[in-house]
Amino acid sequence: MAVADKYEMVCGLEVHVELQTKTKIFCGCTTEFGGEQNTHVCPVCLGMPGALPVLNREVVNYAIKAGLALESEIAQFSKFDRKNYFYPDLSKNYQTSQFDLPICIKGGLEIEAEGEKKWIGITRAHMEEDAGKLVHSGETISTSNESSVDYNRAGVPLLEIVSEPDMRTIPEVLAYLEKLVQILEYTEVSDCRLEQGSVRFDVNVSLRPIGATSLGTRTETKNLNSFSSVRRCMEYEIARQARVLDAGENVVQETRTWDEGQGITLTLRSKEEAHDYRYFPEPDLAPLIIDREWVEKIRKTLPELPAARRTRLQALGLSAYDATVITQAKAMADFFDEALASYGDAKTLANWIMGDVTRLLNTNQCRVADSPISAKQLAELLALIDKGTLSGKIAKSVLEEMYSTGKDPSIIVKEKGLAQISDEGALLGIIDSVIAANPQSVEDYRAGKDRAIGFLVGQIMKATKGQANPGLVNQLLKEKLS
Ligand SMILES: [Zn+2]
Numbered sequence: 009m010a011v012a013d014k015y016e017m018v019c020g021l022e023v024h025v026e027l028q029t030k031t032k033i034f035c036g037c038t039t040e041f042g043g044e045q046n047t048h049v050c051p052v053c054l055g056m057p058g059a060l061p062v063l064n065r066e067v068v069n070y071a072i073k074a075g076l077a078l079e080s081e082i083a084q085f086s087k088f089d090r091k092n093y094f095y096p097d098l099s100k101n102y103q104t105s106q107f108d109l110p111i112c113i114k115g116g117l118e119i120e121a122e123g124e125k126k127w128i129g130i131t132r133a134h135m136e137e138d139a140g141k142l143v144h145s146g147e148t149i150s151t152s153n154e155s156s157v158d159y160n161r162a163g164v165p166l167l168e169i170v171s172e173p174d175m176r177t178i179p180e181v182l183a184y185l186e187k188l189v190q191i192l193e194y195t196e197v198s199d200c201r202l203e204q205g206s207v208r209f210d211v212n213v214s215l216r217p218i219g220a221t222s223l224g225t226r227t228e229t230k231n232l233n234s235f236s237s238v239r240r241c242m243e244y245e246i247a248r249q250a251r252v253l254d255a256g257e258n259v260v261q262e263t264r265t266w267d268e269g270q271g272i273t274l275t276l277r278s279k280e281e282a283h284d285y286r287y288f289p290e291p292d293l294a295p296l297i298i299d300r301e302w303v304e305k306i307r308k309t310l311p312e313l314p315a316a317r318r319t320r321l322q323a324l325g326l327s328a329y330d331a332t333v334i335t336q337a338k339a340m341a342d343f344f345d346e347a348l349a350s351y352g353d354a355k356t357l358a359n360w361i362m363g364d365v366t367r368l369l370n371t372n373q374c375r376v377a378d379s380p381i382s383a384k385q386l387a388e389l390l391a392l393i394d395k396g397t398l399s400g401k402i403a404k405s406v407l408e409e410m411y412s413t414g415k416d417p418s419i420i421v422k423e424k425g426l427a428q429i430s431d432e433g434a435l436l437g438i439i440d441s442v443i444a445a446n447p448q449s450v451e452d453y454r455a456g457k458d459r460a461i462g463f464l465v466g467q468i469m470k471a472t473k474g475q476a477n478p479g480l481v482n483q484l485l486k487e488k489l490s
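The numbering used here numbers the first residue of the sequence shown as 9 and each following residue consecutively.
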C-alpha cells in the first residue's frame, strides 16, 4: 500500500528571511554579505558586557511592509524577548527575538497546487537577530581539525514567518514557498538570494492515519536553503516516518538536520519546548509601539502585488499562463510595464519578452535586471515592425545585435541597411526578373496551382535577402500574373 493511501501528511513551515537593511538590527554594522571574518562587528553585535542595543527603525518598516503584504494584522504593541541558549555562534548566549507579542499576527496567502486553489494561514511573523556562522577547516564539524566563528552575520535582521500546519502535499508546500518568496521579492524587503542564505526554511512534518483528526508527532528539519532541498527532505522524512509507524513504533519529536550529500535527515537534538529557552522580556529595549499612522504610511509604499498584477495583465488580453510567466519575477514584470508604456500591444509584447528576449537572456545567463536591451529599446523595435520598416524575421536578428551592442534598433537598421524594401519601383524590377527566370512556376500558377505563388515569393525574398515587404510582394506579384 502506498504511503499516501495510508497516511495523511501535515506540514507547517517556519521561514527565516534576512531583511535587506543597510545596517544590522541593533547596531550600525553593515549587513553586507561576505567580507573577511569578523570585520562587520562591534561591541553590540559581539555581545560585549555593557553594550546597549538600539532598534533599527528600518527593520520595523520592512517587517510592517511584509506583514501588510501577507495580510497580517500589525500589532500596536509588541516587544522583544531574550531566547536563551548556549552555542558559539551567538556570543551573548541569548538571541534577541520576539516571543509572546510578535509584530505581525495572523495573515496568509492563496496558493494554487495541482489545479486547486487553497488558503494557507500564517500564524505570526516576528523580528529577531541572526546568529554568526561556524566555519570549519574540513567538510563538516566532525572531520575538521579546527573551526572558527565568524560574527559578520550576527545581528543581521531576520523576519521569521510561521505558517499554520495547513499543507498536505509536497506540491502545496512548494507552491507556498514560491508564493511567499515572490511576495517578499516584490515588496523588496529581502533580496531573496537563496544561494546566499537570505531565506532559510524549517520544515515541520508529521503523518497521521487517513481520516484521523488529531495531529501525529512531528519532526522539525532546520535550515534548508533551496526549494529542491525542501522537496527531497520531505520525500525522505515522509517515507522514514511511514516506516516507523508501519513497524508499530512512535515517531520521536525532535529537531533534525538535512544532509544534502547523502540525501537524508539526521537527528540533531531532541525537540526543545519554549520553556527550555527561558524566554524573558529584553530589559535593554523598550516595548515597540506602532501607531496607525505609521502603518498607513508604510501601506502607501506597498507595490502592486503579484496577484493584482496578474489580473491587470489578463485584463489587457494576456492569457492566464502568459500573465503568470511575466509576473513570476518582479524585474520581468517591471520590464514588461516599462515597455508597455511606449508600445501598446500587450500580447505581442508578451510574446517577444517570453520568447526571444528570454532566450537571449538565458543563453547568456543574464538576469532581466541586467539586460543590455532596455524595455524602451524593445518597444522601439516592435514599433519598427508595425510601421513596416522591419520584417519580423529581420527584427529577430536586430534584437540579437541590440543585445550584443546595446545600440538602439533604429541605429542598427540604418548602419546595416536592414530597412524593409517597401518601394514599389525597386520591387517591380526584382519581380520581373524572378518571373522571367521561373516560367514553369508562372505557368503552374496560371493553371490554377495556387501553391506556385509561394515559391515565387520565396525567390523574391531570397533576392532581397529577406528585406522585401512580403505583403507588398504578394500583392504586386498577383497583379503582374493576372
Ligand atoms: Zn555591530
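Note that the Cβ used here is the ideal one computed from N, Cα and C, for glycine as well.
Closest to residue i by CA distance: which of the options is it?
i    : options                : result
F288 : Q103, Q249, D342, N477 : Q103
G456 : K486, S234, Q475       : K486
Q385 : N370, A403, T371, S399 : A403
L185 : V164, D210, A162       : D210
V11  : L398, R251, S278, I272 : R251
R110 : T309, V421, L166       : Correcting the residue identity first, residue 110 is Pro in this sequence and not Arg. Of the listed residues, the one whose Cα sits closest to P110 is L166.
P311 : I191, A331, G363       : I191
I169 : G75, N92, G479         : G75
A328 : K73, G123, K91, I82    : G123
Q106 : A71, A77, L78, P96     : A71
E66  : R226, E196, R176, L274 : E196
W360 : T151, A391, N372, S237 : A391
E301 : Q84, T131, F343, E137  : Q84
C37  : I82, F344, T151, A162  : A162
R375 : D345, R239, A339       : A339
L78  : D431, L60, T131, L296  : T131
I498 : G363, I298, Y244       : There is no way to answer for residue 498, as the model of the chain reaches only from 9 to 490.
K297 : T371, H144, E44, K87   : For clarity, residue 297 is Ile in the given sequence; the question names Lys instead. Selected option, being the one with the closest Cα: K87.
Once you ignore the five residues that flank residue i on each side, which residues in its own chain have a CB closer than 8 Å to its CB?
i    : result
A445 : Q467
G129 : K114, G115, G116, S171, E172, D174
I149 : L142, S155
E409 : K415, I420, K424
L276 : K230, E262, T263, R264, T265
L326 : I334, A354, K355, A358
L464 : V442, I443, N446, S449, V450, Y453, L485
D440 : K488
S278 : V260, Q261, E262, T263
S418 : E388, L392
D13  : I218
Apart from the five residues on each side of it in sequence, which residues of its chain come closer than 6 Å, Cβ to Cβ, to residue i?
i    : result
I461 : Y453
Y494 : This structure cannot speak to residue 494, because the chain is shown only from 9 to 490.
E16  : R216, I218
R286 : N92
A331 : R318, L321, Q322
H24  : L166, E168, R208
Between residue i and residue j, how many whole angstroms is the CB-CB distance? I'm expecting something under 8 Å.
i    : j    : result
I381 : V365 : 7 Å
I2   : M242 : This structure does not reach residue 2, given that the chain is present from 9 up to 490, and the question cannot be answered.
S80  : A133 : 6 Å
T47  : T39  : Rounded, the Cβ-Cβ distance is 13 Å, inconsistent with contact.
G140 : D158 : 6 Å
N212 : G352 : Their Cβ separation, rounded to whole angstroms, is 49 Å, which puts N212 and G352 out of contact at 8 Å.
A347 : A387 : 5 Å
E290 : R90  : 5 Å
Y34  : E137 : Just to set this straight, residue 34 is Phe in the shown sequence, not Tyr. Right, the Cβ-Cβ distance comes to about 7 Å (below 8 Å), so this counts as a contact.
V238 : E26  : Not really, about 18 Å apart at Cβ, beyond 8 Å.
Going by beta carbon distance, what residues of the same chain come within less than 7 Å of residue i, once the five residues before and after it are set aside?
i    : result
T335 : P314, R317, R318, L321, A341
I119 : K126, I128, E180, A183, Y184, K187
F94  : N101
N69  : I306
V62  : F34
Of all the CB atoms in chain C, is at least one closer than 9 Å to the CB of residue i?
i   : result
L21 : The structure shown contains no chain C, having only a single protein chain.
Item to check | Heavy atoms of ligand 1 versus C-beta positions, residues under 5 Å | outcome: Selection around ligand 1 by beta-carbon proximity, strictly under 5 Å to any non-hydrogen atom, yields C35, C37, C50, V52, C53 in chain order.
Checklist entry - Can you find at least 3 beta carbon pairs, one from the region 114–125 and one from the region 38–52, that sit closer than 8 Å? => result At 8 Å Cβ cutoff, the stretches do not touch.
Checklist entry - Below 8 Å, can you find three or more Cβ-Cβ pairs linking the region 195–205 to the region 216–229? => result With a cut-off of 8 Å, the region 216–229 and the region 195–205 do not count as touching, because too few Cβ pairs lie within range.
Item to check | the region 470–477 in contact with the region 415–433 per 3-pair CB rule at 8 Å | outcome: Contact between the region 470–477 and the region 415–433 is present, because at least three Cβ pairs lie under 8 Å.
Checklist entry - Would you say the region 258–277 touches the region 304–312, given that touching needs at least three Cβ pairs under 8 Å? => result Three or more Cβ pairs closer than 8 Å define a contact, and the region 258–277 falls short of that threshold against the region 304–312.
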